Amino acid sequence: MRSRSLARDPFAVGIASGDPLPGGIVLWTRLVTDPLVPDGRGGMPSRAYDVDWQLAADEAFKTVVRSGTATARPEQAHSVHVEVDGLQPGREYFYRFRVEGQVSPTARTRTAPAGLSPLSFAVAACANYEHGYFTAYQRLAEQEPDLVVHLGDYMYEYQPMGYTAISGAPREHAGAKCQTLADYRVRHAQYKSDPDLQAAHRAAPWLVAFDDHEIENNWANMVSSTDAPDFAQRRAYGFQAYYENMPLRRGSIPHGDTIRINRRIAWGTLAQFHLLDTRQFRDDQACDDGDRAGCDERLRPTRTILGAGQHRWLLDGLTQSRARWNLIGQQVIMAQRDFKAGPGKELNMDSWDGYAAERRALLNGIRATGAANPVVLTGDAHMHNAADLKPDFDDPSSPQVAVELVTSSISSDGDGYRDAARVATLRRENPHLAYIDQRRGFIMVRVTQDDLKAEFRTLDYVTRRGAKDKPSATFTIPNGHSSLA
Numbered sequence: 010m011r012s013r014s015l016a017r018d019p020f021a022v023g024i025a026s027g028d029p030l031p032g033g034i035v036l037w038t039r040l041v042t043d044p045l046v047p048d049g050r051g052g053m054p055s056r057a058y059d060v061d062w063q064l065a066a067d068e069a070f071k072t073v074v075r076s077g078t079a080t081a082r083p084e085q086a087h088s089v090h091v092e093v094d095g096l097q098p099g100r101e102y103f104y105r106f107r108v109e110g111q112v113s114p115t116a117r118t119r120t121a122p123a124g125l126s127p128l129s130f131a132v133a134a135c136a137n138y139e140h141g142y143f144t145a146y147q148r149l150a151e152q153e154p155d156l157v158v159h160l161g162d163y164m165y166e167y168q169p170m171g172y173t174a175i176s177g178a179p180r181e182h183a184g185a186k187c188q189t190l191a192d193y194r195v196r197h198a199q200y201k202s203d204p205d206l207q208a209a210h211r212a213a214p215w216l217v218a219f220d221d222h223e224i225e226n227n228w229a230n231m232v233s234s235t236d237a238p239d240f241a242q243r244r245a246y247g248f249q250a251y252y253e254n255m256p257l258r259r260g261s262i263p264h265g266d267t268i269r270i271n272r273r274i275a276w277g278t279l280a281q282f283h284l285l286d287t288r289q290f291r292d293d294q295a296c297d298d299g300d301r302a303g304c305d306e307r308l309r310p311t312r313t314i315l316g317a318g319q320h321r322w323l324l325d326g327l328t329q330s331r332a333r334w335n336l337i338g339q340q341v342i343m344a345q346r347d348f349k350a351g352p353g354k355e356l357n358m359d360s361w362d363g364y365a366a367e368r369r370a371l372l373n374g375i376r377a378t379g380a381a382n383p384v385v386l387t388g389d390a391h392m393h394n395a396a397d398l399k400p401d402f403d404d405p406s407s408p409q410v411a412v413e414l415v416t417s418s419i420s421s422d423g424d425g426y427r428d429a430a431r432v433a434t435l436r437r438e439n440p441h442l443a444y445i446d447q448r449r450g451f452i453m454v455r456v457t458q459d460d461l462k463a464e465f466r467t468l469d470y471v472t473r474r475g476a477k478d479k480p481s482a483t484f485t486i487p488n489g490h491s492s493l494a
């Protein structure tokens, strides 16, 4: 063992794994001794470090099956992304890192299987550091999932107290509003210093995709919601920091102000995940964004949220898929949600309601592919929803195409607003919404050849530590069914 030259623990932001394949996995860490140093360097000297890694068949590391050395460089914020291959499919592994005599915690990961093995995975989104503690991540880890699917808003870019919850702010963002590379690096480091988030990363491999707050609230393609003149540069900084802090493969290394985040991951022949990017290629939100009534712009046939290339990519993948379940992970609610009581509609322009023609085309396209059991997984909404998806929500005879499972937030909106009148309106005006819950939480999904069971789990509070989670609703979707009924 080499002599120690780092006086403090360099694993202050934890370790993680992601993007499992039948024979491989990505192992990640970022060397940080002081997460909140304003320069974004995490307290690390400006030199490269050799980081040793080990992957073992047992938690005691008696049987090390792969090992090696990676280089953590200052220009990548001392992050390490190790793509390990040659592993056995469908089995559990343990991994750790070592640098300058310091050893990281041990974490669990898993390769994808080769066949129809059952799958247990968690769906999570929207963790605002200021709005509450990340207890839901700890509760998620206690469920011991095979996989965690995170659908965005992993961190929030606002200045301290720039976005408040009615239940208050038990803690505060460090630094300024995220605009520079250093800003984004510090914010990621602050979030990743959270012990509950670290526990969730140590529990299982993750599939991650960003939403808006990893860059800026409600950004769309190259359009800033604040009309910032240097938005392309800011976007590039956000993408670089996102890659540096996530267990992603080389295919997601940013190129300037672009990044590839849509991808497919197969869980044997049981399930295929199709992860989408609903930010980078979308048209600007219609009618100046927000909840709008009478917005004809949203109906324009050429409006897109996916971009033509990604739209084709999804349908081509579904056409070719032979998986029993096709799980489409994306960010904003696909089901129509009318917030207005009585005649007329009030719809959210940032969601698929603002891109109605493409939604219709996509759902018709999904139906035409004949892909087995499409299920849409969604974040963003800060409330649990379960919905039936059809091309025309105003036509009772429109066919059911897929089910949508929308996870609530880990902490965003704090202890929640419990708006009974708003929930009543949503239920009355949207009969395709089978479930609505405004509490914080996540979804546990268990998939077999025969069915998919989605258990919505909730916490009653996040503004203080220690909340327990509990199941609040469960839906079982039999193989071959495309609705919740």
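Residue numbers for the sequence shown follow the working numbering, beginning at 10 and rising by one. Every residue gets a Cβ at the ideal spot worked out from N, C-alpha and C, and that includes glycine. If you're wondering where the values come from, they're calculated on a predicted model, not measured in any experiment.
| Check | Outcome |
| --- | --- |
| Gln63 by DSSP, collapsed to three states: which one? | strand |
| Look at the Cβ atom of Arg291, then the Cβ atom of Ala366, and state whether they are nearer than 8 angstroms. | no |
| Using CA coordinates, which residue listed in Leu279, Asn271, Glu253, Ser330 is at the minimum distance from Gly316? | Asn271 |
| Would you check if the distance between the CB atom of Pro44 and the CB atom of Val22 is smaller than 8 angstroms? | yes |
| For Ala275 and Ala121, which I take to be in contact (beta-carbon distance under 8 angstroms), what is that distance rounded to the nearest angstrom? | 6 angstroms |
| Taking 8 angstroms as the limit between beta carbons, can you name the residues of its chain near Glu355, skipping five residues before and five after? | Asp300, Arg301, Ala302, Asp347, Phe348, Lys349 |
| How is Pro310 classed by DSSP in three states: helix, strand or coil? | coil |
| Note the first and the last residue of the continuous alpha helix (DSSP H) segment covering Tyr251. | 240-253 |
| Please work out which residues of its chain come closer than 7 angstroms, Cβ to Cβ, to Ser126, disregarding the five sequence neighbours upstream and downstream, and give them in chain order. | Gly99, Gly277, Leu279 |
| So the beta strand (DSSP E) Asn439 belongs to, where does it begin and stop? | Note, Asn439: premise wrong, no beta strand (DSSP E); not H, not E. |
| Can you tell which of Asn488, Ala86, Ile262, Ser26 has the C-alpha that lies nearest to the C-alpha of His197? | Ala86 |
| Does the distance from the CB of Phe130 to the CB of Val89 come in under 8 angstroms? | no |
| State the beta-bridge partners of Thr38 as determined by DSSP. | Ile24, Val89 |
| Give me, in chain order, the residues of the same chain whose beta-carbon lies closer than 8 angstroms to that of Arg307; leave out the 5 immediate sequence neighbours on both sides. | Ala295, Cys296, Arg301, Leu356, Met358, Asp362, Gly363, Tyr364, Ala365 |
| Tell me, to the nearest whole angstrom, how far the beta carbon of Val412 is from that of Ile486; I am working on the premise that it is less than 8 angstroms. | 6 angstroms |
| Is the region 220-231 in contact with the region 152-170, if contact means three or more CB pairs nearer than 8 angstroms? | yes |
| By how many angstroms is the C-alpha of Gln63 removed from the C-alpha of Ala69? | 11 angstroms |
| Give a yes or no on whether the C-beta atoms belonging to Gln8 and Asp389 are separated by under 8 angstroms. | Not covered by the structure: residue 8. The range shown for the chain is 10 to 494. |
| Alpha carbon to alpha carbon, what distance is there between Asn382 and Val456? | 11 angstroms |
| Mind the definition here: the region 139-148 touches the region 317-329 only if three or more C-beta pairs lie below 8 angstroms; say whether that holds. | no |
| I need the straight-line Cα distance from Arg473 to Arg269, nearest angstrom please. | 37 angstroms |
| Write down every uninterrupted run of the alpha helix (DSSP H) in the region 164-235 whose length is 4 residues or greater and which is fully enclosed by it, in chain order. | 190-201, 204-212 |
| Taking the C-alpha atoms as reference points, what is the distance between Cys187 and Gln168? | 7 angstroms |
| Measure the alpha-carbon distance for Gly353 versus Arg243 and round it to whole angstroms. | 39 angstroms |
| Look up Gly364 in the DSSP assignment and say whether it is helix, strand or coil. | The question names Gly, but residue 364 in the sequence shown is Tyr. Here Tyr364 sits in helix by DSSP. |
| Count the other CB atoms within 10 Å of the CB of Ser55; is the residue buried (16 or more) or exposed (fewer)? | exposed |
| Pick helix, strand or coil for Gly326, following the three-state DSSP scheme. | helix |
| Determine whether the beta carbon atoms of Ala429 and Ala344 lie at a separation below 8 angstroms. | no |
| Determine, using beta-carbon pairs with one atom in the region 170-190 and one in the region 417-428, whether at least three such pairs fall under 8 angstroms. | yes |
| Helix, strand or coil for Gln281? Go by DSSP, reduced to three states. | strand |
| Using the C-alpha atoms, what's the distance from Asp205 back to Gly475? | 11 angstroms |
| Can you list, in chain order, the stretches of the beta strand (DSSP E) that have 3 or more residues and sit fully within the region 399-429? | 411-415 |
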